[in-house]
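Numbering (UniProt numbering) for the sequence shown: 1 to 205.
We put the CB at the ideal spot given by N, CA and C, even for glycine.
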Amino acid sequence: MKKLIFLTLLTSGLHSFSQQRHIELHRKKLHTEVPAVVIDTADKALRIATYLLNSNEFQDSLRKLTFKYSNHCKSCSKGVRNRRERIPASVVLDSLYRRPSVFLVMDLQKVGIEPRSDTCYGLGATCPATDSVTSYFDNIECDMGKDIPFSYAYGVHLCHEFMHDVGFCHTDHVDDVAEEVGWIAYFFINKWYHEHNAAFLAAAQ
């Protein structure tokens with residue numbers, strides 16, 4: 001799946017005449033078990049996530065996709081039965097950009113399931129319509145720490161978790177809204193960081 005998404009992004013044209021959507025992610029409250037991660041770190045991650053979600057590159061990439069109907073959910077314990085119909089990108093985009101500004105409660109814990117060798121396990125947890133994101137520092141570092149600094153990895157992670165907040169839960173990890181958004185976010189944030197993209201780096205400050 002990772003290779004397929006990367007190949008699609010690298011070989012597809014990303015120019016679109018569709019109207020760009022806009023959202024701002026903000027911190028309502030931060031609880032952190034990691035002394036090195038302070039309010040400034042969390043706010044930077046939110047700026048990174050906001051820049052990504054508002055970018056043409058992200059929105060044009062998402063417009064190419066459809067998803068399993070069973071991604072829909074109203075709570076962590078209440079999903080929906082799958083149907084043959086697909087979730088079009090327009091529905092995902094409408095859900096994502098429904099509110100112009102969102103304030104998140106951010107709970108950064110030291111670790112979820114202890115990472116082992118090449119297995120990082122889950123990076124966090126978010127239930128729909130809560131505006132509350134739980135994240136696991138060690139697991140995020142395990143997954144992306146070799147590629148980008150933590151604040152950027154945290155930004156990628158927040159993009160993934162926010163899709164749960166707007167009503168999409170995990171399925172069997174095939175055609176999964178949150179995972180696809182996470183991979184798109186990782187691809188572009190990693191790319192912009194290593195290419196020293198001036199607009200991106202300025203927005204992250």
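Length of the line joining the Cα atoms of residue i and residue j
{"i": "Ile48", "j": "Ser70", "result": "29 Å"}
{"i": "Val102", "j": "Arg116", "result": "35 Å"}
{"i": "Asp131", "j": "Leu104", "result": "5 Å"}
{"i": "Val174", "j": "Gly155", "result": "23 Å"}
{"i": "Leu52", "j": "Met106", "result": "19 Å"}
{"i": "Cys120", "j": "Ile184", "result": "19 Å"}
{"i": "Lys29", "j": "Cys142", "result": "25 Å"}
{"i": "Leu62", "j": "Glu180", "result": "8 Å"}
{"i": "Ala36", "j": "Ala178", "result": "27 Å"}
{"i": "Phe150", "j": "Val34", "result": "12 Å"}
{"i": "Thr66", "j": "Ile113", "result": "31 Å"}
{"i": "Gly182", "j": "Leu46", "result": "14 Å"}
{"i": "His26", "j": "Ser55", "result": "17 Å"}
{"i": "Arg99", "j": "Glu24", "result": "9 Å"}
{"i": "Lys64", "j": "Arg86", "result": "13 Å"}
Three-state class that DSSP yields for residue i in the structure shown
{"i": "Thr119", "result": "strand"}
{"i": "His194", "result": "helix"}
{"i": "Lys44", "result": "helix"}
{"i": "Leu96", "result": "helix"}
{"i": "Glu24", "result": "strand"}
{"i": "Ile148", "result": "coil"}
{"i": "Ser55", "result": "coil"}
{"i": "Ile140", "result": "helix"}
{"i": "Ile184", "result": "helix"}
{"i": "Gly155", "result": "helix"}
{"i": "residue 274", "result": "Here the chain comprises residues numbered 1 to 205, so residue 274 is not present and cannot be evaluated."}
Buried or exposed (CB count within 10 angstroms, at least 16 for buried), residue i
{"i": "Cys76", "result": "exposed"}
{"i": "His72", "result": "buried"}
{"i": "Asp165", "result": "buried"}
{"i": "Ile39", "result": "exposed"}
{"i": "Asp138", "result": "buried"}
{"i": "Lys146", "result": "exposed"}
{"i": "Lys44", "result": "buried"}
{"i": "Ile189", "result": "buried"}
{"i": "Asp176", "result": "buried"}
{"i": "Ala129", "result": "exposed"}
{"i": "His157", "result": "buried"}
Integer-rounded CB distance, given that residue j should sit under 8 Å from residue i
{"i": "Tyr152", "j": "Val111", "result": "Wrong, their Cβ atoms sit about 20 Å apart, outside the cutoff."}
{"i": "Ile148", "j": "Tyr193", "result": "5 Å"}
{"i": "Gln59", "j": "Gln109", "result": "At roughly 31 Å, the Cβ-Cβ gap does not stay under 8 Å, so Gln59 and Gln109 are not in contact."}
{"i": "Lys68", "j": "Gly167", "result": "Not confirmed; about 14 Å, so no contact."}
The stretch 86-96 contacting the stretch 189-204, beta-carbon criterion three pairs below 8 Å: no
The stretch 123-141 touching the stretch 157-167, judged by at least three CB pairs closer than 8 Å: yes
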